[in-house]
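Notes follow once the structure below has been shown.
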Amino acid sequence: MKYTSIVTVLITLTLLHLRQKCIYGDDSCSGNPKVLFLSLDGFPYHYFDLAEQNNINLSAFKKIQQSGVYVHRLTNVFPSSTFPSHYTMATGLYPESHGIVDNAFYDPIIDTTFRIGNPKSANDSRFFDVGAEPIWVTNQLQGYKTGIVFWIGSEAEVKGVRPNFYLKPYNGSIPFEQRIDLLMNWYENEGINLGLLYYHQPDKAGHIYGAGSHEVLESIEYINSQLEYLLMSIESRPNLKCSLNLVVSSDHGMANMSADRIIYLNDYIESSEYLSTPQRFAVVWTLWPKNGSSAESLYRKLKGKHQYMKVYLKDKLPKRLHFEKSWRIGPVVVFADLGWTIAAERNSLYSFTLKGGHGYDPINEEMSSFLMAMGPRVRNNHTDLSDGDVHLVDIYDMLCLLLDLEPAPNNGSIDRILPFLTLQRNGSNSKRIQSTAYIVVIIVSILMSHIALFPLSSM
């Protein structure tokens, strides 16, 4: 019996070791796999070429590319704006499904308006908890811990869950380096396996000075220096170095805008005819008819009136936009062509000062971002130059695969992500697991035969 017990223990240890290698990859350190996901706001994919042409230091970005995976261009969602895109990255859902349909929107069911920059909106679960499951909720429902430094939706309770560690309210003045230090502390001392980090550049510089401006390039060089600090912080922590997968992306791109490219809705319809989210200037407007007006009449009055304005009844929108299912989208959808913006009315009290913007149809490459990653579960020195074959909705599945989480239902594609990872949850890994099982069965059979032939009493 003693001999049999020893054999059982050896078999169990062998199985656990082989399972670790098949499921988690051949990581040489202990503990669960970890992920740090960094989002750089308003960083279109083509900024890298522009930065190189202007001799901007990209050493940290290149280090990640060469040590991991670089997806040249991602296909974005509509509208390509900060709040919808960030919640898409977190949930793997299109805005029509996760409910954050723009940076500002009206919800007719609760008769309340969501606004970017409004602390009450940021922590109001009625806006965020409408069926979507962000990655931190997925992570925590499966028994792990999350730390978040400013991510859209992280202040609201979703499915009864808030992040284990998070900052509120949003404070853009907290230095990048301090945000990194905070996450490193959570990994080391609080046991998180997932960290999310948001930084507002180069978006801010792009809005103020224009896409690709000198100030944008300066912000990219600063981000590179902070990435160097992040890589050094990971490198100096052995347990993180061998277990942490770093993912870097952006929510959307940026295009140049100007005050001479504004379309005014009230040149064609009266303000008394429609309800919309009160705003001065926006790329996308969704309209609800009121005071006896109808969606059809608003559509007829606006359709074809300006060559740089697209007008649709919601159920007639191009399917590729995935922007028709939510009750938060008005029955008439109006959006501007690239470089243009829309205002309700001509008003001398408001001046348009922005030189850059986004939110446009993702068919415009200027709205496309990038994706790069490195770590023990990511392929080494692999560049994907495909033209938008990978989508923003795929990032959620990628994070789940890296963390060995079961994903919630989403719009992403695991098949588009698997080529970038050393880990494969289907295909090759399944075959490896099956092969391992066959080998173990053979070993057990041989050992049991050995016990039968040479019982303990004869040894």
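Counted the way mature numbering (1 follows the signal peptide of the UniProt record, and there is no 0) counts, the sequence shown spans residues -25 to -1, 1 to 434. Glycine included, C-beta positions come from ideal geometry on N, C-alpha and C.
**Message:** Using 8 angstroms for Cβ pairs, my map puts residue 50 next to residue 367. What's the rounded Cβ distance?
**Reply:** So it is a contact: roughly 7 angstroms between Cβ atoms.
**Request:** Go ahead and label residue 414 buried or exposed: buried means 16 or more other beta carbons lie within 10 angstroms of its beta carbon, across all protein chains shown.
**Result:** Reliability fails at residue 414, whose pLDDT of 46 lies under 50, so the model's placement of it is uncertain and no value is given.
**Request:** Take residue 270 and list the residues in its own chain whose beta-carbon comes closer than 7 angstroms to its own, dropping the five residues that flank it on each side.
**Result:** So the list reads 264, 288, 306, 307, once near-sequence residues are dropped.
**Item:** Rounded distance between the beta-carbons of residue 152 and residue 201, thought under 8 angstroms
**Value:** With a beta-carbon spacing of about 6 angstroms, residue 201 and residue 152 fall inside the 8 angstroms limit used to define contacts.
**Asked** With distances taken from CA atoms, which of 58, 256, 59, 214 is nearest residue 233?
**Response** For the set 58, 256, 59, 214, the Cα lying nearest the Cα of residue 233 is the one of 256.
**Prompt:** Per DSSP, what kind of secondary structure is residue 387 in: helix, strand or coil?
**Reply:** Here residue 387 sits in coil by DSSP.
**Prompt:** Ends of the beta strand (DSSP E) at residue 311?
**Reply:** That run of the beta strand (DSSP E) goes 307 to 311.
**Prompt:** Looking at C-beta atoms only, is the number of pairs between the segment 96 to 106 and the segment 117 to 137 that lie closer than 8 angstroms three or more?
**Reply:** Here the segment 96 to 106 lies against the segment 117 to 137, with 3 or more beta-carbon pairs under 8 angstroms apart.
**Request:** Could you name the residues of the same chain whose beta carbon sits closer than 6 angstroms to that of residue 356, not counting the 5 residues immediately before and after it, in chain order?
**Result:** So the list reads 41, once near-sequence residues are dropped.
**Request:** Please name the residue, chosen from 275, 247, 252, 10, that lies closest to residue 266 on a Cα-to-Cα basis.
**Result:** Comparing Cα positions, the closest option is 247.
**Message:** Could you give the first and the last residue of the continuous beta strand (DSSP E) run that contains residue 264?
**Reply:** That run of the beta strand (DSSP E) goes 259 to 264.
**Request:** Classify residue 185 as buried or exposed, calling it buried when 16 or more other Cβ atoms lie within 10 Å of its own Cβ.
**Result:** Only buried fits residue 185, as 16 or more other CB atoms lie within 10 angstroms of its CB.
**Request:** Reducing DSSP to helix, strand and coil, say where residue 214 ends up.
**Result:** In the structure shown, residue 214 sits in a helix (DSSP, three-state: H, G or I).
**Prompt:** Is it true that the CB of residue 220 sits closer than 8 angstroms to the CB of residue 350?
**Reply:** Yes, these two residues count as a Cβ contact at 8 angstroms.
**Asked** Distance, Cα to Cα, residue 311 vs residue 365?
**Response** Taking the straight line from one Cα to the other gives about 25 angstroms.
**Request:** Using DSSP bridges, identify the partner residues of residue 332.
**Result:** Beta-bridge pairing links residue 332 to 230.
**Contact under 8 angstroms by Cβ, residue 342 with residue 228** = Contact flag set, yes.
**Item:** Beta-carbon proximity check, residue 66 vs residue 325, cutoff 8 angstroms
**Value:** Contact annotation: residue 66 and residue 325 have beta-carbon atoms that are not nearer than 8 angstroms.
**Message:** Can you give me the C-alpha to C-alpha distance between residue 213 and residue 59, rounded to a whole angstrom?
**Reply:** So the alpha carbons of these two residues sit roughly 36 angstroms apart.
**Asked** How far does the beta strand (DSSP E) with residue 82 in it reach, from first residue to last?
**Response** Boundaries of the beta strand (DSSP E) harbouring residue 82: 79 to 82, taken from the DSSP string.
**Item:** Straight-line Cα distance separating residue 61 from residue 316
**Value:** The straight-line gap from Cα to Cα measures roughly 22 angstroms.
**Prompt:** At what residues does the alpha helix (DSSP H) containing residue 96 begin and finish?
**Reply:** The continuous alpha helix (DSSP H) containing residue 96 extends over residues 94 to 97.
**Request:** Give the DSSP bridge partners of residue 284, in chain order.
**Result:** In DSSP, residue 284 forms a bridge with 311.
**Request:** To the nearest angstrom, report how far apart residue 47 and residue 338 are at their CA atoms.
**Result:** Approximately 16 angstroms, taken between the alpha carbons.
**Request:** Kindly indicate the opening and closing residues of the beta strand (DSSP E) around residue 325.
**Result:** Premise fails: residue 325 is in no beta strand (DSSP E) and is neither H nor E.
**Prompt:** My guess is that residue 112 and residue 136 are in contact by the Cβ rule of under 8 angstroms, so how many angstroms apart are they, rounded?
**Reply:** Contact between residue 112 and residue 136 holds: their C-beta atoms lie close to 5 angstroms from each other, under 8 angstroms.
**Expected contact under 8 angstroms - CB spacing of residue 333 and residue 118 to nearest Å** = That belief does not hold up - the Cβ atoms of residue 333 and residue 118 are roughly 37 angstroms apart, past 8 angstroms.
**Item:** Where residue -5 falls: helix, strand or coil (DSSP)
**Value:** Confidence at residue -5 is low in this model, with a pLDDT of 45, below 50, so its placement is unreliable and the value that follows should be read with caution. The DSSP-derived three-state label of residue -5 is helix.
**Alpha-carbon spacing of residue 114 relative to residue 78, whole angstroms** = Rounded to the nearest angstrom, the two C-alpha atoms are 26 angstroms apart.
**Cβ-based neighbour list, residue 120, same chain, cut-off 6 angstroms, excluding 5 preceding and 5 following** = Excluding positions up to five away in sequence, the list reads 139, 166, 167.
**Message:** Considering Cα atoms alone, identify which of 395, 124, 298, 262 is closest to residue 346.
**Reply:** Nearest option by C-alpha distance: 395.
**Request:** State the CB to CB distance for the pair residue 304 and residue 10, rounded to an integer number of angstroms; the pair is presumed to be in contact (CB under 8 angstroms).
**Result:** Taking C-beta atoms under 8 angstroms as the contact rule, residue 304 and residue 10 fail to qualify, at a distance of about 32 angstroms.
**Item:** Buried or exposed by the 16-neighbour rule on C-beta atoms within 10 Å, applied to residue 291
**Value:** Residue burial annotation: residue 291 is exposed, with fewer than 16 other C-beta atoms found within 10 angstroms of its C-beta.
**Request:** Would you check whether the ligand FAD has a heavy atom nearer than 7 angstroms to the C-beta of residue 233?
**Result:** Only the bare structure without any ligand can be found here, which leaves the ligand FAD out of the picture.
**Prompt:** Roughly how many angstroms separate the alpha carbons of residue 28 and residue 391, rounded to a whole number?
**Reply:** Cα to Cα, the separation comes out at about 31 angstroms.
**Asked** Alpha carbon to alpha carbon, what distance is there between residue 39 and residue 376?
**Response** Those two C-alpha atoms are separated by around 19 angstroms.
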